[in-house]
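Take a look at the structure below.
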Amino acid sequence: MDDKTNETTKSCVIVPHSEFSEDLELRLGRANGNVFHRKSGVEGVHDGQIMVRLKKKRYIIIDYGIVPTPSDLQAAAISEHVACPDGAGEAQC
Numbered sequence: 535m536d537d538k539t540n541e542t543t544k545s546c547v548i549v550p551h552s553e554f555s556e557d558l559e560l561r562l563g564r565a566n567g568n569v570f571h572r573k574s575g576v577e578g579v580h581d582g583q584i585m586v587r588l589k590k591k592r593y594i595i596i597d598y599g600i601v602p603t604p605s606d607l608q609a610a611a612i613s614e615h616v617a618c619p620d621g622a623g624e625a626q627c
């Protein structure tokens, strides 16, 4: 496993707001549908991490590089703001 792939598997699905607040304010923009590519992907492995601006000051962060652990899946199950779809980190889209 190369360093970049190993780096993404150490990520967690619950991320503190402070980690992305600067990108939210300075790079994502205010218009609906704006997209900011936060983290580059790894060729042939995943597409990285993107932020998408939604209506009414809402946004989503999609991270294709996380391979969720059982504790991540448990945390996502109790949070209404986090989702780990079936095959997350394993299935190729």
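For my numbering, count along the sequence shown from 1 and bump the result up by 534.
C-beta: ideal position from N, C-alpha, C; glycine also.
All of these numbers come straight from a predicted model, not from anything done at the bench.
Nearest neighbour of residue i, chosen from the options [CA to CA]
| i | options | result |
| --- | --- | --- |
| Phe570 | Pro604, Ile600, Leu588, Gly578 | Leu588 |
| Ile600 | Ala565, Asn566, Ala622, Ser552 | Ala622 |
| Lys591 | Tyr598, Asn568, Leu607 | Asn568 |
| Asp557 | Ile595, Cys618, Glu624, Gly578 | Ile595 |
Beta-carbon proximity of residue i to residue j, cut-off 7 angstroms
| i | j | result |
| --- | --- | --- |
| Gly582 | Lys573 | yes |
| Val547 | Ala610 | yes |
Spatial distance of residue i from residue j (CA atoms)
| i | j | result |
| --- | --- | --- |
| Asp620 | Pro602 | 10 angstroms |
| Asp597 | Met585 | 9 angstroms |
| Ala565 | Gln608 | 33 angstroms |
| Val576 | Tyr593 | 24 angstroms |
| Phe554 | His615 | 15 angstroms |
Bridge-paired residues (DSSP) for residue i
| i | result |
| --- | --- |
| His580 | Val576 |
| Arg592 | Arg592 pairs with nothing; no bridge assigned. |
| Phe570 | Met585 |
| Asp597 | Gln583 |
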